[in-house]
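Chains B and V are the protein sequences, given in the same order. The numbering of the first sequence is the working numbering, which starts it at 3 and goes up by one. The numbering of the second sequence is the working numbering, which starts it at 2 and goes up by one.
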Amino acid sequence: MNEKLLEVKDLVIHYFTDDEEACAVNGISFDLKEQEVVGFVGETGAGKTTTALGIMGLVPAPPGKVLNGEIIFEGKDIVKLSEAELRKIRGDKITMIFQDPMTSLNPVLTVGEQIAEVILLHNKISRKEAIERAKEMLEMVGIPGERHEEYPHQFSGGMKQRVVIAIALACSPALLIADEPTTALDVTIQAQVLALMKRLKTDLKTSMIMITHDLGVVAEICDKVAIIYAGEIVEFGTLAEIFEDHRHPYTEGLFNSIPDLDVDVARLPVIKGLMPAPTNLPDGCKFYPRCPYATERCKNENPDRVTITDTHIVRCHLFRSAESIKET
Amino acid sequence: MEALLEVKNLKKYFATPRGTLHAVDNVSFTIKKGQTLGVVGESGCGKSTLGRTILHLLEPTDGAILFEGRDITKVNKKKFHVLRQEMQMIFQDPFSSINPRMTVSGIIEEPVKIYKMKSNEKERREYVQHLMRTVGLSEDMENKYPHEMDGGRRQRIGIARALALDPKFIVCDEPVSALDVSIQAQILNLMMDLQEQMNLTFMFITHDLSVVKHISDEICVMYLGMLVEKSPSKELFKEQYHPYTKALLSAIPRPKLVQEERVILKGEISSPINVKEGCRFAPRCLYCKDKCRAETPTLEEISPGHQVACHYVKEINGLT
Chain B
3 MNEKLLEVKD LVIHYFTDDE EACAVNGISF DLKEQEVVGF VGETGAGKTT
53 TALGIMGLVP APPGKVLNGE IIFEGKDIVK LSEAELRKIR GDKITMIFQD
103 PMTSLNPVLT VGEQIAEVIL LHNKISRKEA IERAKEMLEM VGIPGERHEE
153 YPHQFSGGMK QRVVIAIALA CSPALLIADE PTTALDVTIQ AQVLALMKRL
203 KTDLKTSMIM ITHDLGVVAE ICDKVAIIYA GEIVEFGTLA EIFEDHRHPY
253 TEGLFNSIPD LDVDVARLPV IKGLMPAPTN LPDGCKFYPR CPYATERCKN
303 ENPDRVTITD THIVRCHLFR SAESIKET
Chain V
2 MEALLEVKNL KKYFATPRGT LHAVDNVSFT IKKGQTLGVV GESGCGKSTL
52 GRTILHLLEP TDGAILFEGR DITKVNKKKF HVLRQEMQMI FQDPFSSINP
102 RMTVSGIIEE PVKIYKMKSN EKERREYVQH LMRTVGLSED MENKYPHEMD
152 GGRRQRIGIA RALALDPKFI VCDEPVSALD VSIQAQILNL MMDLQEQMNL
202 TFMFITHDLS VVKHISDEIC VMYLGMLVEK SPSKELFKEQ YHPYTKALLS
252 AIPRPKLVQE ERVILKGEIS SPINVKEGCR FAPRCLYCKD KCRAETPTLE
302 EISPGHQVAC HYVKEINGLT
């Protein structure tokens, strides 16, 4: 359980356009252990997906460029691998589920063919065997195997997402990256897909990175949580540490702004302002323009990572001086 | 308080090659002045069609719509032009509901021009600036284009445009679904403030129960074109009687460490084409009995203001 599967060190990814440089990922570091599920939480444009694409070796270049950092997966640095080597890993050892199941399937191939395609690519087996395996995968995600000859448009949104999950898991990957896998689905269907992913997590022992903006989804499935803001992990900890003992003002703001079903309030507390554009990040702490506790120091100096416990890391000046923000 | 909008047995059917699609079937409700009705349901339940039919963006098939006591069901397009000043809409996707080739002030100004609300350009410009301030857009944005703005600001443009004609009633179709949580809260607060200041009446359509809780006075839960439960907002979150409402509420992932046991529904929403007699929810219902497949249940009052359409509501909830 405690073997390190993935180690990301100081990853920096920027996008270059004609006249601007978008700093999408600015020094992200984290570890992922075997069988662990880490949640990436943050707003649109925080750099969650770019980090994931970096791990897949899929950052579109140009305009994207990995400027710094290492991504060590099973002892190899993904950043330095050639395209041919990456292709062997992708779909076999690391796979990804995308947000929108409607656009990530090929409309002119049957779902069975699409699942078999991955299996054939990474295993030396016959086409017939691959189709058989595809059927088994469909059964596993709760779709009758005989529907393998149907096309994506014959399935509903929730079922399409199940097919996408079946493709991602077809080669029993060590790492599954799920990019907002349930955002496009209705709540009752989302509950079905989440229950499925939870079951697969225990059955197949796959490690996962779960990208989402929904803290409810995180609570459901993740072991650890990374709160991402403007391309940095501002807080990282176990589920309990983030939910019960969060220290960063942004994490606090995020939790406050979720409408709580169990509490009555007249107005929702908000984080004022907007996330800075990645082309124009402030000096110092990236969160200081929106932070209710900001000081002069926050404006000039980007805070370092402060380790609170073995698993809990926070990036905030205030933490040291005030011990805990929540007390103020 | 008097009713601003009254909908009686409203039906909207579409003819499709495979049969009649029952998008909205026998829906009745009233919205009082200055209040908000939340309409909740999953995609395909007919909630947007309901909103559009009320605004005559779609022709109602049957039933009656009363606005300030006046039957507006049969009002023709030309006459509705006048009514539309009082009934506006805010759309879901601020990225596609505003013209990308117009500037912010141009977008907000358009309805003012069409309805000739202000006599000269100077007044019009002042009015547009006033509207921009009202929704929290700074004045230096008036010459910007929508693509230069983020989702939250774009939705503010949509709101300003809906407010431009000084309406009484606004249908808000998923106005915050496309936005990030922190922005969502900002927009919801803005809408609640505006409602208070301008005495607006909202019909708030959403799939997200947690959003609707804060803004609604009353909530309707829709399933396949029909209302299955109607209740004052506060009460609904304390007590849900319909099995679908229970499942819908239970399905929301809660940001809590200790997770409660979930009711997970089997299957998916069935087709609204050529629906048969019987409860629409029966194929997915945990408590389904023979009667549910044979007879369509109607809304019945369980407690004051709280109505449920379920044959076995008493048995399921242990009520006498």
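Idealized CB from N, CA, C, for every residue including glycine. Nothing here was measured: the structure is a model prediction, and the numbers come from that model.
Proximity test, Cβ basis, 8 Å: residue i and chain V
i, result
"B/His248", "no"
"B/Ser158", "yes"
"B/Ala221", "yes"
"B/Ile327", "Confidence is the limiting factor: at B/Ile327 the pLDDT is only 45, short of 50, which leaves the residue's position unreliable, though a coordinate-based value still follows. No, B/Ile327 lies away from the interface with chain V (no Cβ there is under 8 Å from its Cβ)."
"B/Pro261", "yes"
"B/Ala197", "yes"
"B/Arg269", "yes"
"B/Ser323", "Model confidence at B/Ser323 stands at a pLDDT of 48, short of 50, so the residue's coordinates are unreliable and nothing is read from them."
"B/Val272", "yes"
"B/Ala242", "yes"
"B/Gly255", "yes"
"B/Phe245", "yes"
"B/Ile15", "no"
Option in the options with minimal Cα separation from residue i
i, options, result
"B/Arg292", "B/Asp306, B/Leu256, B/Arg129", "B/Leu256"
"B/Leu111", "B/Pro103, B/His150, B/Arg89", "B/His150"
"V/Asn275", "V/Asn77, V/Pro18, V/Leu5", "V/Pro18"
"V/Ser178", "V/Gln93, V/Val229, V/Leu201, V/Ile171", "V/Gln93"
"B/Thr309", "B/Thr297, B/Glu243, B/Thr52", "B/Glu243"
"B/Ser31", "B/Asp21, B/Ile15, B/Ala186", "B/Ile15"
"B/Asp12", "B/Ile74, B/Glu298, B/Gly239", "B/Ile74"
"V/Cys311", "V/Leu320, V/Leu300, V/Asn200, V/Ser304", "V/Leu300"
"B/Ile230", "B/Glu222, B/Ile223, B/Leu217", "B/Leu217"
"V/Glu87", "V/Phe96, V/Ile73, V/Ser98", "V/Ile73"
"V/Leu237", "V/Glu219, V/Leu225, V/Leu228, V/Ala248", "V/Glu219"
Closer than 8 Å to chain B by CB, residue i
i, result
"V/Glu43", "yes"
"V/Val8", "no"
"V/Ser211", "yes"
"V/Asp63", "no"
"V/His208", "yes"
"V/Ala252", "yes"
"V/Phe238", "yes"
"V/Ala1", "In the structure displayed, chain V extends from 2 to 321; residue 1 of chain V sits before or after that span and is not available."
"V/His215", "yes"
"V/Gly137", "no"
Which of helix, strand or coil DSSP assigns to residue i
i, result
"V/Phe81", "helix"
"V/Gln93", "coil"
"V/Glu60", "coil"
"V/Ser232", "strand"
"B/Ile211", "strand"
"B/Val113", "helix"
"V/Cys221", "strand"
"V/Ile303", "strand"
"V/Glu124", "helix"
"V/Tyr242", "coil"
"V/Ala179", "coil"
"V/Ser49", "helix"
"B/Ile327", "Reliability of the predicted coordinates at B/Ile327 is poor, the pLDDT of 45 falling under 50, and no value is obtained from them."
"V/Val213", "helix"
"B/Val316", "strand"
"V/Glu261", "coil"
"B/Arg92", "strand"
"B/His155", "helix"
"B/Lys203", "helix"
"V/Arg255", "coil"
"V/Gly39", "strand"
Buried or exposed by the 16-neighbour rule on C-beta atoms within 10 Å, applied to residue i
i, result
"V/Asp181", "buried"
"V/Met192", "buried"
"B/Pro251", "buried"
"V/Val83", "exposed"
"B/Pro62", "exposed"
"V/Thr202", "buried"
"B/Thr19", "exposed"
"B/Gln163", "buried"
9 Å Cβ cut-off: residues of chain D touching residue i
i, result
"V/Gly153", "Included in the structure are the protein chains B and V, with no chain D among them."
Residues of the region 170-201 of chain V with Cβ closer than 8 Å to any Cβ of chain B, in chain order:
Asp181, Val182, Ser183, Ile184, Gln185, Ala186, Gln187, Leu189, Asn190, Met193
Residues of the region 167-193 of chain B with a CB closer than 8 Å to any CB of chain V: list them in chain order, please.
Asp188, Val189, Thr190, Ile191, Gln192, Ala193
Chain B contacts from the region 98-113 of chain V (Cβ-Cβ distance under 7 Å)
none
Below 7 Å between beta carbons is the criterion; list the residues of the region 254-274 of chain V that meet it against any residue of chain B, in chain order.
Pro254, Arg255, Pro256, Lys257, Leu258, Gln260, Arg263, Ile265, Leu266, Glu269
Using a Cβ cut-off of 8 Å, which residues of the region 204-220 of chain B contact any Cβ in chain V, in chain order?
His215, Asp216, Leu217, Gly218, Val219, Val220
Pull out every residue of the region 44-75 of chain B whose Cβ sits closer than 7 Å to any Cβ of chain V, in chain order.
Glu45, Thr46
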